[in-house]
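So the structure is just underneath, and the comments pick up after that.
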Amino acid sequence: MGLNLKNKTLLSYRGPFYIELISVFGSNVRNYTNAYSNARKKLFRIFIELSQNVSYYSEDFHMVNNESRIGVGELNLKEFESHFTFTTKNLVKRSDSDILIQRCNIINSSSISDLRQLKREQRLNSPGEKFGARIGLIQAVMLSQNKINYQYEEVDKDFAYLSITVKIDKN
């Protein structure tokens with residue numbers, strides 16, 4: 379009897395994005411997607427890129443030993459009949475969210491060759507630590523060959539939640 383996959387949650391987490399935890403989750407992602415070798419590699423790399431963005435840039439964070447800053451957020455990996463979706467969600471400054479949404483729109487409207495050029499430019503002149511996320515988002519679109527979906531949810535006058543979803547086709 380075949381299972382009809384409408385929407386199956388493979389992994390869901392909310393909390394601090396410790397690198398060790400991301401590593402364990404990454405192994406699980408590889409195991410869950412073993413049957414789809416093409417999607418497996420892409421999904422794992424996208425998982426690492428987007429999880430690191432939460433770990434490094436979330437405005438909700440834990441301090442470890444008064445020196446290491448660990449971002450707090452959410453991640454969800456879902457399986458559908460023809461694809462997987464990977465979503466991260468974290469707290470951002472509203473002033474940064476406008477820039478990040480604008481970047482998502484630029485990335486979504488760019489061709490693969492434009493994305494390669496954009497990635498090179500970002501590497502050469504990254505304007506600051508907050509915007510290392512630019513390369514991760516570019517990489518996610520290049521790997522998945524699908525557009526980024528994002529949702530913006532105001533928290534107060536200073537902060538908002540930004541969620542990023544990438545669709546990875548199984549074949």
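Numbering (my numbering), first residue to last: 379 to 549. Virtual Cβ for every residue (Gly too), placed ideally from N, Cα, C.
From the options, residue whose alpha carbon lies closest to that of residue i
| i | options | result |
| --- | --- | --- |
| arginine 392 | Asp492, Gly449, Ala538, Glu459 | Gly449 |
| threonine 481 | Thr466, Gln500, Leu453 | Per the sequence shown, the amino acid found at residue 481 is arginine instead of threonine. Measuring from the Cα of arginine 481, the nearest candidate turns out to be Gln500. |
| aspartate 474 | Glu532, Glu459, Glu445 | Glu532 |
| methionine 441 | Thr466, Ser405, Tyr396 | Tyr396 |
| aspartate 536 | Asp476, Val402, Glu427, Ala413 | Asp476 |
| phenylalanine 403 | Lys497, Glu445, Ile426 | Ile426 |
| leucine 455 | Ile484, Leu421, Val432 | Leu421 |
| aspartate 492 | Leu540, Tyr528, Gln523, Thr463 | Gln523 |
| phenylalanine 458 | Val544, Tyr539, Lys386, Ala538 | Lys386 |
| lysine 545 | Thr463, Gln529, Glu445, Asn527 | Thr463 |
Sequence-distant residues of the same chain with beta carbon closer than 6 Å to residue i, five excluded per side
| i | result |
| --- | --- |
| serine 436 | Gly449, Val450, Gly451, Asn468, Leu469 |
Residues near residue i by beta carbon distance below 7 Å, same chain, minus five either side
| i | result |
| --- | --- |
| methionine 379 | In this prediction, methionine 379 scores a pLDDT of 45, lower than 50, which makes its location untrustworthy; no coordinate-derived value is stated. |
| serine 429 | Phe395, Ile400, Leu453, Thr466 |
| asparagine 406 | Leu389 |
Between the CA atoms of residue j and residue i - distance to the nearest angstrom
| i | j | result |
| --- | --- | --- |
| asparagine 549 | asparagine 416 | 6 Å |
| arginine 472 | arginine 447 | 20 Å |
| glycine 514 | isoleucine 479 | 14 Å |
| isoleucine 542 | lysine 525 | 10 Å |
| serine 488 | asparagine 412 | 31 Å |
Segment limits, beta strand (DSSP E) that includes residue i
| i | result |
| --- | --- |
| valine 442 | 439-442 |
| aspartate 547 | 537-547 |
N- and C-terminal bounds of the alpha helix (DSSP H) containing residue i
| i | result |
| --- | --- |
| asparagine 486 | 472-486 |
Own chain, CB closer than 8 Å to residue i, minus 5 neighbours either side, in chain order
| i | result |
| --- | --- |
| lysine 555 | The structure shown does not extend to residue 555, since the chain is modelled only from 379 through 549, so no value can be given for it. |
Complete runs of the beta strand (DSSP E) confined to the segment 408-462 [at least 3 residues]: 439-442, 446-457
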